[in-house]
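If you read the sequence shown in the numbering used here, its first letter stands for residue 2, the second for the next number, and so on. We treat Cβ as the ideally placed atom computed from N, Cα and C, and that holds for glycine. Here is the structure we will look at.
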Amino acid sequence: MPKSRILVVEDEILVREDIEDCLAGLGHEVVSVASTGADALRKIPTARPDLVLMDIRLKGDMDGVETARQIRTNFRLPVIFLTAHADDSTLQRAKAADPLGYIVKPFAETTVNAVIQTAMHKHELDRRLRESEEWLTTTLGSIGEAVLATDSSRKITFMNPVAEGLTGWSAEEAMGKDVDTVFPLKDGSTREPIPSPVATILRDGKGVELTADTILVCRDGSERQIADSACPIKDKAGNVTGTVLVFRDTSERLRAAEALRELQKMDAVGRLAGGVAHEFNNLLTVINGYAQQSLNKLTPANALHTPLLAILTAGERAGELTRQLLAFSHREINSPRVIDLNALIVDYAKVLRSLLGDNVELCAVVLPSPLAVKADSAQLEEVLMNLAVNARDAMPEGGRLTIETAAVTLEQNALDPDLPAGPYALLTVSDTGCGMTAEVQQHLFEPFFTTKDVGQGTGLSLAAVYGIVQQHQGNLRVRSQRGEGTTFRIYLPRLADVAETAEPPKPPMPKVAGSGTILLVDDEPLVRGLARDVLVPLGYNLLHAEGGPEALLICAAHPGPIHLLLTDVSMPGMNGRVVSERARQLRPGLRVMYMSGYCGGVIDSLEVLKPGDEFIVKPFTAIALASKVRELLGPTGDAGDAAPPGVDASGLDAT
2 MPKSRILVVE DEILVREDIE DCLAGLGHEV VSVASTGADA LRKIPTARPD LVLMDIRLKG
62 DMDGVETARQ IRTNFRLPVI FLTAHADDST LQRAKAADPL GYIVKPFAET TVNAVIQTAM
122 HKHELDRRLR ESEEWLTTTL GSIGEAVLAT DSSRKITFMN PVAEGLTGWS AEEAMGKDVD
182 TVFPLKDGST REPIPSPVAT ILRDGKGVEL TADTILVCRD GSERQIADSA CPIKDKAGNV
242 TGTVLVFRDT SERLRAAEAL RELQKMDAVG RLAGGVAHEF NNLLTVINGY AQQSLNKLTP
302 ANALHTPLLA ILTAGERAGE LTRQLLAFSH REINSPRVID LNALIVDYAK VLRSLLGDNV
362 ELCAVVLPSP LAVKADSAQL EEVLMNLAVN ARDAMPEGGR LTIETAAVTL EQNALDPDLP
422 AGPYALLTVS DTGCGMTAEV QQHLFEPFFT TKDVGQGTGL SLAAVYGIVQ QHQGNLRVRS
482 QRGEGTTFRI YLPRLADVAE TAEPPKPPMP KVAGSGTILL VDDEPLVRGL ARDVLVPLGY
542 NLLHAEGGPE ALLICAAHPG PIHLLLTDVS MPGMNGRVVS ERARQLRPGL RVMYMSGYCG
602 GVIDSLEVLK PGDEFIVKPF TAIALASKVR ELLGPTGDAG DAAPPGVDAS GLDAT
């Protein structure tokens, strides 16, 4: 039998001594004695008993019942009452003190021992249960998911801190309330209220999960999309005594997933748009080139002059459409330089005012000091023009278009995880037009999406804006409500100064005739044919190849000099950049001119071109091609190089 340390509280000396003798005979240790409740409370911290044996009726201000209540509350010790008789009110109070046993005077040793053993056993069970509950409460309070429990009548019995944060209810306030009050749910699709899963669990005794589009309506009225699983709490007999719900906020995860899907969709559409634009640019190069060549041979009086001019005009308009497709797909070649965004807006405002018409007021509010960004000024002008045209169309009865600039510094993740923290130039374009619905905003930057009537718009202007901003490592945000206008905010990386703002001087247009040997590489035979028909009559010797491997063989085998490599950028098997690098291994110093309207990431900026390299954008005109070639080679073409003797292209990797 385990030995217990016992504090005896008895105000009658003879009875107390009798109890001490009895306990000693049973093998227990009386660690201290007290005659009043206050005396007992003072002695417990130093005596450290396992159990208190106390008369229910003590003299003084504090009787045994009140003393027992304080002992249980402050020290969590088991109490056994000694009593000879007590009135009903005292007994009722004694029960409220939760004693672990009663010993009736006069008592026998066997009775005392049995009551003590029972009390200690029950106290040990209570201690283990309490520790288990504390461990469970601590565990549930520290996990990252929200936990909420109810009893069999749907009343809240437990909430951890995460559940408090998500619902907006404190655990203290929620206790005893119906689960639908604290945990109101709504169907994300229909927006209709739905019952909590508690009723189903209590009825069926099985766990359930909420649908993926379930909305939790928080105490303040805000909404969170949640994922939830719930299961029954059962006793040993299998009866359902309550439920436990485990849920988490999936709003951010769903927003991130939706953003990823949108990014993947836009990337896929961009690749498609870029590929289509590339093929159209090849065709338009041929159409526009031959149309211009034919026009150059005719006088305006010729009957064919007008239809050929219409063909050329239509081809140039088609080229503008493909350029917008390429801007959306981030594959338009740009020429970035450090510019003052404020100066660009002030200068371009004159163009915008004529574009907007008399019934739309243009208000440009720019910073007084320069706002330096590295950008292609022509592309930024296109952004302003496209936004202005859309704003004008949204204000058929007139209104105001405001263009503002600001210098801002963003913290990490202020707008987008992919937008680094740092200084930005903020370009804000806002109108007082009809605004847009949320549904329209979801598709705003998709190519060919338009809310205008058939024939009134291509659906490419905002797609081009999106692509240009992305290509400049910027960020675009839209805020709009039906009937309240629209605001576009464009964030561009900001530089310290505008030291490089001056445009480099352009050389005068050279004469187009010349001489020299040109190696033309393009997988489109019609483009090769146009280049031949343009360059050969001007005095150039033309070698041509339909791909990189063939071009390298010509580089190695041609006995004379090759003055210029004229190559398409985007070709199957080997792109133009690889062709130029390997051709220069054979012929160091070889000049290169790239041609493409779609580079597929091979060349995104003219900044990456090596000194002496050039670029011409498809679709190009015959005069533009001839002028570029003459500009590079001069009148005699003597800037080329001769192939080193004995060079063999077979050892080059032509794949």
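As assigned by DSSP and simplified to three states, the class of residue i
i, result
"G517", "strand"
"G475", "coil"
"S378", "helix"
"A1", "Nothing in the structure corresponds to residue 1, since the chain is present only between 2 and 656."
"E447", "coil"
"Q442", "helix"
"R533", "helix"
"C232", "strand"
"T429", "strand"
"I346", "helix"
"E21", "helix"
"E405", "strand"
"F76", "helix"
"E317", "helix"
"C364", "strand"
"L305", "coil"
"A115", "helix"
"E501", "Per-residue confidence for E501 stands at a pLDDT of 47, beneath the threshold of 50, marking its modelled position as unreliable; no derived number is given."
"D179", "strand"
"D649", "With a pLDDT of only 44 at D649, under the threshold of 50, the placement of this residue in the model should not be trusted; the figure read from the coordinates follows. Three-state DSSP puts D649 in coil, outside helix and strand."
"R43", "helix"
"I14", "helix"
"P369", "coil"
"R480", "strand"
Strand pairing of residue i, partner residues [DSSP]
i, result
"F159", "A150"
"Q293", "Paired residues: none, contrary to the question."
"F184", "Answer is none; F184 lacks a bridge partner."
"G590", "None; G590 has no bridge partner."
"M596", "D569, I617"
"V9", "V34, L54"
"Y103", "F82"
"F108", "DSSP, once it has assigned bridges, lists no residue as partnering F108."
Per-residue burial, residue i [other beta carbons within 10 Å of its own, 16 or more giving buried]
i, result
"I216", "buried"
"T307", "exposed"
"T568", "buried"
"D229", "buried"
"E11", "buried"
"R393", "buried"
"E440", "exposed"
"E165", "buried"
"M380", "Looking at the sequence shown, residue 380 is not Met but Gln. When all chains shown are included, Q380 counts as buried."
"K298", "exposed"
"C23", "buried"
"T410", "exposed"
"N343", "buried"
"G641", "Per-residue confidence for G641 stands at a pLDDT of 49, beneath the threshold of 50, marking its modelled position as unreliable; the derived number appears in the next sentence. With 16 or more other Cβ atoms within 10 Å, it is buried."
"V366", "exposed"
"C556", "buried"
"H29", "buried"
Among the options, nearest to residue i - alpha-carbon criterion
i, options, result
"P538", "D221, D524, G515", "G515"
"G690", "P50, F82, R49", "No statement about residue 690 is possible, as the shown extent of the chain runs from 2 to 656 and does not include it."
"Q472", "L411, L493, R480, I624", "L493"
"Q294", "H122, A304, T622, R631", "T622"
"D341", "C364, G316, P369", "P369"
"G548", "I563, P562, S153, D524", "D524"
"E485", "A532, A497, R338, G434", "G434"
"P100", "I72, L42, T406", "I72"
"A376", "E174, G290, R495", "R495"
"L427", "P371, K235, V245, I288", "P371"
"E615", "A627, G169, M594", "M594"
"Y541", "P562, P526, A552", "P562"
"R529", "V247, N283, G222, H564", "N283"
"A373", "P424, C364, V366", "P424"
"K4", "I404, E21, L27", "L27"
"R225", "K235, D214, P233", "D214"
"S378", "L357, R338, V347", "R338"
> When the Cβ atoms of the stretch 373-387 are set against those of the stretch 338-353, are three or more pairs found closer than 8 Å?
Replying inline: yes
> Should the stretch 196-211 be regarded as contacting the stretch 106-123, the criterion being three or more beta carbon pairs within less than 8 Å?
Replying inline: no
>> Below 8 Å, how does it come out for the stretch 176-185 and the stretch 143-163: are there three or more Cβ pairs, yes or no?
In response: yes
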